Structure formats: C-alpha cells, structure tokens
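Chains Y and U, in that order, are what the protein sequence lines are. When the letters of the first sequence are read in order and numbered with my numbering, they come out as residues 1 to 118. When the letters of the second sequence are read in order and numbered with my numbering, they come out as residues 1 to 118. Notes follow the structure.
Protein chains: 2
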Amino acid sequence: MSVGTEWLVDAAGCSPERLADLAAVRRLLDGLVVELDLRVVGTPSWQKFPEPGGVTGLYLLTESHLAVHTYPEHGLATLNLFCCRPRTEPPWEERLADALGATRVLVRRVGRGEGAWQ
Amino acid sequence: MSVGTEWLVDAAGCSPERLADLAAVRRLLDGLVVELDLRVVGTPSWQKFPEPGGVTGLYLLTESHLAVHTYPEHGLATLNLFCCRPRTEPPWEERLADALGATRVLVRRVGRGEGAWQ
Chain Y
1 MSVGTEWLVD
11 AAGCSPERLA
21 DLAAVRRLLD
31 GLVVELDLRV
41 VGTPSWQKFP
51 EPGGVTGLYL
61 LTESHLAVHT
71 YPEHGLATLN
81 LFCCRPRTEP
91 PWEERLADAL
101 GATRVLVRRV
111 GRGEGAWQ
Chain U
1 MSVGTEWLVD
11 AAGCSPERLA
21 DLAAVRRLLD
31 GLVVELDLRV
41 VGTPSWQKFP
51 EPGGVTGLYL
61 LTESHLAVHT
71 YPEHGLATLN
81 LFCCRPRTEP
91 PWEERLADAL
101 GATRVLVRRV
111 GRGEGAWQ
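Below is the structure:
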C-alpha cells in the first residue's frame, strides 16, 4: 500500500545571495506549483531567519506538501515534495540551477506507506 | 556537509476514526513538539479533507519542519520530522500506537545535504 512518492532533493553549490533571498526562493516554489499543477490549500508559510539568513517555506497541498529550507552558509537548499497522486518528475537539476545556481543536485525518491505493510 | 536528519515515519494499522479526528492527530504533533523541545514559528497549518476524512498538519520550526498526513481509508499515517540540530530520536512506535492505534511503524532516517556533496 503506497500513498505516494516523496522526493527529497538536496541542492549544493548554490548562490548564497539567492538562498537568502526569500522572493527568489518563493519564485522557485511558486513556479513548481504551476509546472506540476499542484493545488495549494490556504496560504503558504514563509520565514526568513536571522544571519546567515536562510529561509523556510511550507506549502500545504491537496496532494500533500512542498517544503524548502535554505542554508546560505553552506550554499545548500533542501526541498521535499510529497505527492499522493502520480506525477511526472520535474527536471530538478535544471530548475535548481536556474533559480539558485545549484551545481550539484541529489534526488532521492521514497515511496510512502508501502514499507509499513511489509 | 549534513544540515540535519529527517525522519520519515509511516504508521500502518491505525484506527480510521483516530486518523480522521483532527484534534487527536493534533494532540500527537503538539505532544511531539513538547517532548522534543521543538520551537514552532507562527501558527501550524491544519486541513481536514472531505471523506474519507484524512487530515494534514504542517509545522514550521526553527529546527526545520514537522508534517503529518493521514489516510483513514488505508489505516495509515505518514510523518516527517526534519531537524537541523542533533536530537534524541523519539520512541515513534510507542507514540504512534498510543495516539493512533498503529500496529506497525516504519522509520527511515535520511541525512539531508550530505549526499549532495559526494
């Protein structure tokens, strides 16, 4: 019994300036929402933290959730996208290079629910 | 370079009634926040979906995030806890059995960020 796929995406080598720019990170997530035809419930939660100025965004979706955390001090961003409906995988490397300047992207795919029944 | 541990927790064999009870699921998450000394930023987002009546909760934390989705039709709950600070692992099986009647709990631990540098 699987209830969907969660993508765990870690992007390294990003521009520290972009990672600390809430508007830039928000554009990335809002673009993914449109591209993947995700349906946002309510208002996404965004938070800008003190220096080094990382940001967090959380989107509650009818399909589950989308989350991002950035670490300007490490040039790193982490994303989670949990979709309970089948969906074409986005071109993570391209999107993260364009939006944040990522030079290396690790994508892990986890089937949620299925392992708990084995 | 790791920026923290994410726990992916899938709980099966849960009570469909508990899974559809937003207040019960919320008590579980609020209890974890206290037990793990997590710091919530802003107001958690909660949503109750139409029949079969699953619920979603998202907590933005200074430590990263905490999320839950429930599937009463499958007796299943999925939780994510991403902590960017070292933290003792909670007794997931016990907490999920007590709160939701889970009979089987699968816990996966993912180091975030580290793989992107390899």
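Glycine included, each C-beta is placed from N, C-alpha and C at the ideal position. Small disclaimer: the values here were computed from a predicted structure and weren't measured.
Residue 101/Y to residue 86/U span [Cα, whole Å]: Taking the first sequence and counting its residues from 1, one reaches residue 101/Y at position 101. Taking the second sequence and counting its residues from 1, one reaches residue 86/U at position 86. Going from the Cα of residue 101/Y to the Cα of residue 86/U covers about 28 Å.
- request: Examine chain U for any beta-carbon lying closer than 7 Å to the beta-carbon of residue 115/Y, and answer yes or no.
  value: Position 115 of the first sequence, counting from 1, holds the residue named residue 115/Y. It does: the Cβ of residue 115/Y has a partner Cβ on chain U nearer than 7 Å.
Inter-residue Cα distance where the pair is residue 70/Y and residue 31/U: Residue numbering aside, residue 70/Y sits at position 70 when the first sequence is read from its first letter. Residue numbering aside, residue 31/U sits at position 31 when the second sequence is read from its first letter. Taking the straight line joining both Cα atoms gives about 27 Å.
- request: Would you decide whether residue 89/U is buried or exposed? Buried here means 16 or more other CB atoms lie within 10 Å of its CB.
  value: Position 89 of the second sequence holds residue 89/U. Exposed: under 16 other Cβ atoms inside 10 Å.
- prompt: By Cβ distance, which residues of its chain are closer than 6 Å to residue 58/Y, with the 5 residues on each side in sequence left out?
  reply: Here residue 58/Y is taken as the residue at index 58 of the first sequence, counted from 1. Hits under 6 Å: 45, 67.
query: With a CB to CB cut of under 7 Å and the five nearest residues on each side skipped, what residues in its chain are close to residue 107/U?
result: On the second sequence, position 107 is the one that residue 107/U refers to. Around residue 107/U: 7, 9, 92.
Local conformation of residue 94/U per DSSP, three classes: Numbered from its first residue, the second sequence carries residue 94/U at position 94. Residue 94/U: helix per DSSP, three-state reduction.
- request: Answer with yes or no whether the minimum CB distance from residue 104/Y to chain U is below 7 Å.
  value: Residue 104/Y sits at position 104 when you count from the first residue of the first sequence. Yes - at least one Cβ of chain U is within 7 Å of the one on residue 104/Y.
message: Excluding the 5 residues flanking residue 112/Y on each side, which residues of the same chain have their C-beta closer than 6 Å to its C-beta?
response: Within the first sequence, residue 112/Y is the residue found at index 112, counting from 1. Contacts found: 3, 4, 6.
- prompt: Apart from the five residues on each side of it in sequence, which residues of its chain come closer than 6 Å, Cβ to Cβ, to residue 65/Y?
  reply: For this step, residue 65/Y is matched to residue 65 along the first sequence. So the list reads 82, once near-sequence residues are dropped.
Near the ligand PLP: residue 75/Y beta-carbon under 6 Å from a heavy atom: As far as ligands go, the structure on display features none, and thus does not contain the ligand PLP.
task: Take residue 28/U and list the residues in its own chain whose beta-carbon comes closer than 8 Å to its own, dropping the five residues that flank it on each side.
output: Position 28 of the second sequence, counted from the start, is the residue given in the question as residue 28/U. Excluding residues within five positions, the ones whose Cβ falls inside 8 Å are 68, 95, 96, 99, 100.
- request: Can you pull the chain U residues whose beta carbon is under 8 Å from the beta carbon of residue 15/Y, in chain order?
  value: What you label residue 15/Y is simply residue 15 of the first sequence in a count that begins at 1. What residue 15/Y touches in chain U: nothing, since even the nearest Cβ is about 15 Å away.
query: Beta-carbon separation of residue 13/Y and residue 103/Y under 7 Å?
result: Translated into the one-based positions of the first sequence, residue 13/Y becomes position 13. Translated into the one-based positions of the first sequence, residue 103/Y becomes position 103. In contact: residue 13/Y and residue 103/Y (Cβ atoms closer than 7 Å).
- prompt: To which residues of the same chain is residue 78/U closer than 6 Å at the C-beta, ignoring the five residues directly before and after it?
  reply: For the purposes of this step, residue 78/U is identified with residue 78 of the second sequence, where counting begins at 1. If we look at residue 78/U and ignore the five residues flanking it on each side, its Cβ neighbours are 10, 69.
message: Under DSSP, the alpha helix (DSSP H) around residue 18/Y begins and ends at which residues?
response: Your numbering for residue 18/Y matches position 18 in the first sequence. Residues 16 to 19.
field: Nonlocal neighbours in the same chain, by C-beta distance under 8 Å from residue 18/Y, ignoring five residues either side
entry: Position 18 of the first sequence holds residue 18/Y. So the list reads 24, 25, 99, 100, 101, once near-sequence residues are dropped.
message: Between the alpha carbons of residue 53/Y and residue 61/U, how many angstroms are there, rounded?
response: In the first sequence, the residue the question calls residue 53/Y occupies position 53. In the second sequence, the residue the question calls residue 61/U occupies position 61. Those two C-alpha atoms are separated by around 15 Å.
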